[in-house]
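In my numbering, the protein residues as written are 496 to 717.
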């Protein structure tokens, strides 16, 4: 299977998604449309991963519109799609739903709570990394998958093969270091979680996060 990854900033890479691809002997291709304007075609995509980034789906960059065209085509073809943070917002926006300011800016570690049993075997509560101040509207066609204490819409599942998460399960320790050292200022201002960059770095990644990430990817690509 060819996995095409859309990466939107140098410090937010695929993390454990890359490990999952290697473990399952899939080919992984990483695109940087924000820098090069290059996107894969639907024909050469078996599974699309749309990562996070500092931009908003409400921005008017041409490459953002082209991403949504690709997402729409893949949806019509019934191919699996995973989006995290900005990526999940892009999926919702493609479906015609709003992306707006969240009631709280969440930056740091906070629990998320399972809201659906559509994916069996997911723990009822998990500790996730949050790095956002916008949120998606849950598509009517989809089912809410996760919520947090501060932001209700944290995840959705659609048609069994399209998954959007507002938070991050994919980073490994070195990924979190890269996020924090390059974007520390974002955590310092108006952060409802009131965690400093140093506190975010001190938190050990729960070992179940990788297992859950693998489980979710297995489910939508089965």
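Glycine included, C-beta positions come from ideal geometry on N, C-alpha and C. Since the structure is predicted, the reported quantities are computational estimates derived from the model, not experimental observations.
_Less than 8 angstroms between the beta carbons of residue 585 and residue 562, yes or no?_
Residue mapping note: residue 585 aligns to position 90 of the chain shown, counting from 1. Residue mapping note: residue 562 aligns to position 67 of the chain shown, counting from 1. Against a cut-off of 8 angstroms, the Cβ pair of residue 562 and residue 585 comes out as a contact.
*Does the segment 509 to 516 come close enough to the segment 550 to 560 to have 3 or more Cβ pairs within less than 8 angstroms?*
no
*asked:* Just to confirm the assignment, what range does the alpha helix (DSSP H) spanning residue 705 have?
replied: Within the chain shown, the letter at position 210 stands for residue 705. From DSSP, the alpha helix (DSSP H) with residue 705 extends over 703 to 716.
*asked:* Relative to the C-alpha of residue 642, which candidate in 597, 682, 538, 681 has its C-alpha closest?
replied: In the chain shown, residue 642 corresponds to position 147, counting from 1. Taking only the C-alpha atoms, the option nearest residue 642 is 597.
*Using a threshold of 8 angstroms, state whether the C-beta atoms of residue 657 and residue 576 are closer than that.*
For the purposes of this step, residue 657 is identified with residue 162 of the chain shown, where counting begins at 1. For the purposes of this step, residue 576 is identified with residue 81 of the chain shown, where counting begins at 1. Contact: yes.
*Pick from 653, 628, 664, 655: whose alpha carbon is nearest that of residue 647?*
On the chain shown, position 152 is the one that residue 647 refers to. If we check each option's Cα against that of residue 647, 628 comes out closest.
*What is the residue span of the beta strand (DSSP E) that residue 676 lies within?*
Residue numbering aside, residue 676 sits at position 181 when the chain shown is read from its first letter. Premise fails: residue 676 lies in the alpha helix (DSSP H), 668 to 683, not in any beta strand (DSSP E).
*Could you check how far apart the C-beta atoms of residue 619 and residue 608 are, in whole angstroms? I think they sit under 8 angstroms.*
Position 124 of the chain shown holds residue 619. Position 113 of the chain shown holds residue 608. Rounded, the Cβ-Cβ distance is 7 angstroms, consistent with contact.
*Roughly how many whole angstroms lie between the Cα atoms of residue 710 and residue 689?*
Here residue 710 refers to the residue found at position 215 when the chain shown is read from its first residue. Here residue 689 refers to the residue found at position 194 when the chain shown is read from its first residue. Looking at the two C-alpha atoms, the distance is approximately 31 angstroms.
_residue 546 beta carbon less than 8 angstroms from that of residue 590_ = What you label residue 590 is simply residue 95 of the chain shown in a count that begins at 1. What you label residue 546 is simply residue 51 of the chain shown in a count that begins at 1. For residue 590 and residue 546, no; Cβs fall outside 8 angstroms.
*Give the range of the alpha helix (DSSP H) segment to which residue 516 is assigned.*
As a first step, residue 516 must be located in the chain shown, where it is residue number 21. Looking at the DSSP string, the run of the alpha helix (DSSP H) that includes residue 516 is 511 to 518.
*Cβ atoms of residue 601 and residue 687: under 8 angstroms apart, would you say?*
Start at 1 with the first residue of the chain shown, and residue 687 comes out as number 192. Start at 1 with the first residue of the chain shown, and residue 601 comes out as number 106. Yes, they are a contact pair.
_According to DSSP, residue 553 sits in a beta bridge with which residue or residues?_
To locate residue 553, count along the chain shown from 1; it is residue 58. Answer is none; residue 553 lacks a bridge partner.
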